[in-house]
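Residue 31 in UniProt numbering sits at position 31 of the sequence shown, with consecutive numbering throughout.
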Amino acid sequence: MSIHYINNDQIVIEIKKLMLEKQISQREIAEQLNIKPQGLTKLLNKKNFGFEDAQKILSAMGYDLIIDFQQATS
């Protein structure tokens with residue numbers, strides 16, 4: 001899966017889409033992270049959600065976060 005980065009809110013949306021697509025619950029991810037489901041909700045909703053947060057969640061889902069820089073086409 002590849003996305004064009006716009007902002008961190010978009011990354012949270014894409015993670016939630018992936019959770020739905022792969023039928024992985026927040027409870028399952030929270031268990032992998034050794035936190036309560038409410039802790040995962042708080043993490044996903046925090047104002048300064050960043051790449052480190054995304055990496056932790058994606059890793060718990062069995063995914064890697066890969067950042068690839070490409071020349072702008074515009």
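Glycine is no exception: its CB is placed at the ideal position from the N, C-alpha and C atoms. None of these values were measured; they are calculated from a predicted model.
Using a Cβ-Cβ cutoff of less than 7 Å, which residues in the same chain neighbour lysine 56 once the five nearest sequence positions on both sides are dropped? Leu33
From what residue to what residue does the alpha helix (DSSP H) around glutamine 26 run? 26–33
Please report the distance separating the alpha-carbon of glutamine 70 from that of tyrosine 5. 11 Å
Contact under 8 Å by Cβ, isoleucine 3 with glutamate 14: yes
Same chain, Cβ closer than 7 Å to leucine 65, neighbours up to 5 away in sequence not counted: Phe51, Ala54, Gln55, Leu58
Would you kindly check if the distance between the Cβ of isoleucine 24 and the Cβ of methionine 61 is under 8 Å? yes
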